[in-house]
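Chains as they are written, first to last, in my numbering: chain F, 1 to 165; chain G, 1001 to 1113.
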């Protein structure tokens, strides 16, 4: 492992899972806060893909969350789900559904997302495990990230290569 | 994305945890099967079977070196996988870069107090 370890690393360890890890130079309660506070989520969740227009978080087990983003291309995308488990500063488990216009939510496949925050020496490793109901759903999720991404960065390719190989 | 049968599909070949371990080891350099057996703590037939699957999808190649057969990673077969995931990976990289900016700001605020 090299020291240029800042970028997110994505690995596919099983055919129905996605793992993403990233290290932050900050204690974990701050990373947790940034992931669970609406005003803060609004600032990062869109990446460079669009503007986040709405973030609702009912931070309790059984509570709902919903994020809406207007993509750079002009269309709106929304995701929602429910909190299944919350260990403050350590771990969240949520369901996540991508809302498709015209399709009843109960017919859409939900993933189960486990986010863990592990602190060592003042630095925090955040791991996102996306558990999909089937390999097909996993493939569809990854394919959905392809738009605009293909020519984006060979750095990204290298990171993925490092994760896979 | 269409999938072929397990053993001919690079995606599935790489999804198996033991085969990923083998690729991890071979990514550091060529190794004979005996060395893989020792490092993985697995029986030789098991390692050989995984190597066969990896060779069938082109993820690993082999060459003769005296009495030894040396295995190494062949990146060409893995490139379609890298290409496929790179867009999604880039999305998360951007997202987590933005998260880092937020976290850094929080840290500075906390340190100022």
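Beta carbons: idealized from backbone N, C-alpha and C, even for Gly.
Helix, strand or coil, according to DSSP, for residue i in the structure here?
| i | result |
| --- | --- |
| residue 1080 (chain G) | helix |
| residue 36 (chain F) | helix |
| residue 117 (chain F) | strand |
| residue 1096 (chain G) | helix |
| residue 73 (chain F) | coil |
| residue 47 (chain F) | coil |
| residue 55 (chain F) | strand |
| residue 68 (chain F) | strand |
| residue 112 (chain F) | strand |
| residue 31 (chain F) | helix |
| residue 1110 (chain G) | helix |
| residue 1030 (chain G) | coil |
| residue 1085 (chain G) | helix |
| residue 87 (chain F) | strand |
| residue 1010 (chain G) | helix |
| residue 1090 (chain G) | helix |
| residue 60 (chain F) | coil |
Got a sec, what are the start and stop residues for the alpha helix (DSSP H) residue i sits in?
| i | result |
| --- | --- |
| residue 144 (chain F) | 135 to 144 |
| residue 1056 (chain G) | 1044 to 1056 |
| residue 1021 (chain G) | 1017 to 1027 |
| residue 1039 (chain G) | 1033 to 1040 |
May I ask which residues mark the beginning and end of the beta strand (DSSP E) holding residue i?
| i | result |
| --- | --- |
| residue 12 (chain F) | Premise fails: residue 12 (chain F) is in no beta strand (DSSP E) and is neither H nor E. |
| residue 91 (chain F) | 91 to 98 |
| residue 1162 (chain G) | For residue 1162 (chain G) there is no data in the structure shown, the boundaries of chain G being 1001 and 1113. |
| residue 988 (chain G) | Here chain G covers residues 1001 to 1113 and nothing more, so residue 988 (chain G) does not appear. |
| residue 131 (chain F) | 123 to 131 |
What does the Cβ neighbour count give for residue i, buried or exposed, with the cut at 16 atoms within 10 Å?
| i | result |
| --- | --- |
| residue 1096 (chain G) | buried |
| residue 46 (chain F) | buried |
| residue 1065 (chain G) | exposed |
| residue 59 (chain F) | exposed |
| residue 1111 (chain G) | exposed |
| residue 1093 (chain G) | buried |
| residue 1034 (chain G) | exposed |
| residue 81 (chain F) | buried |
| residue 160 (chain F) | With a pLDDT of only 40 at residue 160 (chain F), under 50, the local geometry of the prediction cannot be trusted, and the value read off the model is given with reservation. Counting Cβ neighbours within 10 Å, residue 160 (chain F) comes out buried, since at least 16 surround it. |
| residue 1038 (chain G) | exposed |
| residue 139 (chain F) | buried |
| residue 53 (chain F) | exposed |
| residue 117 (chain F) | buried |
| residue 1087 (chain G) | buried |
| residue 28 (chain F) | buried |
| residue 22 (chain F) | buried |
| residue 1014 (chain G) | buried |
| residue 1002 (chain G) | Because residue 1002 (chain G) sits at a pLDDT of 47, beneath the cut-off of 50, its placement in the model cannot be relied upon, and the following sentence gives the value as read from the coordinates. So residue 1002 (chain G) counts as exposed. |
| residue 39 (chain F) | exposed |
| residue 1060 (chain G) | buried |
Round the Cβ separation of residue i and residue j to the nearest angstrom and send it over; I've been treating them as touching at under 8 Å.
| i | j | result |
| --- | --- | --- |
| residue 97 (chain F) | residue 108 (chain F) | 5 Å |
| residue 49 (chain F) | residue 72 (chain F) | 6 Å |
| residue 1054 (chain G) | residue 1022 (chain G) | 7 Å |
| residue 1102 (chain G) | residue 1026 (chain G) | In fact, because the Cβ distance is near 39 Å, the residues do not count as touching under 8 Å. |
| residue 142 (chain F) | residue 20 (chain F) | Not quite, the Cβ-Cβ distance comes to about 11 Å (not below 8 Å), so this is no contact. |
| residue 13 (chain F) | residue 1020 (chain G) | 7 Å |
| residue 1051 (chain G) | residue 34 (chain F) | That belief does not hold up - the Cβ atoms of residue 1051 (chain G) and residue 34 (chain F) are roughly 44 Å apart, past 8 Å. |
| residue 99 (chain F) | residue 78 (chain F) | 4 Å |
| residue 128 (chain F) | residue 137 (chain F) | Not confirmed; about 16 Å, so no contact. |
| residue 91 (chain F) | residue 24 (chain F) | At roughly 16 Å, the Cβ-Cβ gap does not stay under 8 Å, so residue 91 (chain F) and residue 24 (chain F) are not in contact. |
| residue 65 (chain F) | residue 76 (chain F) | At roughly 17 Å, the Cβ-Cβ gap does not stay under 8 Å, so residue 65 (chain F) and residue 76 (chain F) are not in contact. |
If the cut is a Cβ gap below 7 Å, which residues of chain B does residue i touch?
| i | result |
| --- | --- |
| residue 31 (chain F) | Protein chains F and G are contained in the structure displayed, whereas chain B is not. |
With a threshold of 8 Å, establish whether the CB of residue i neighbours any heavy atom of the ligand ADP.
| i | result |
| --- | --- |
| residue 1059 (chain G) | This structure lacks the ligand ADP; in fact it carries no ligand of any kind. |
Q: Using a Cβ-Cβ cut-off of less than 9 Å, list which residues of the stretch 52 to 72 of chain F approach chain G; keep chain order.
A: none
Q.
Under 8 Å, CB to CB, which of the residues in the stretch 1088 to 1103 of chain G have a partner in chain F?
A. 1088, 1089, 1090, 1091, 1092, 1093, 1094, 1095, 1096, 1097, 1098, 1099, 1100, 1101, 1102 and 1103
Q: Name, going along the chain, the residues of the stretch 1022 to 1056 of chain G whose beta-carbon falls closer than 7 Å to a beta-carbon of chain F.
A: 1023 and 1027
Q) Given a limit of 7 Å on CB to CB distance, which residues of the stretch 11 to 25 of chain F reach chain G? A) 12, 13, 14, 15, 20, 22 and 24
Q | Within 9 Å of chain G by C-beta, residues of the stretch 76 to 90 of chain F in sequence order | A | none
Q) Just by C-beta distance, which residues in the stretch 109 to 132 of chain F are closer than 9 Å to chain G? A) 124, 126 and 128
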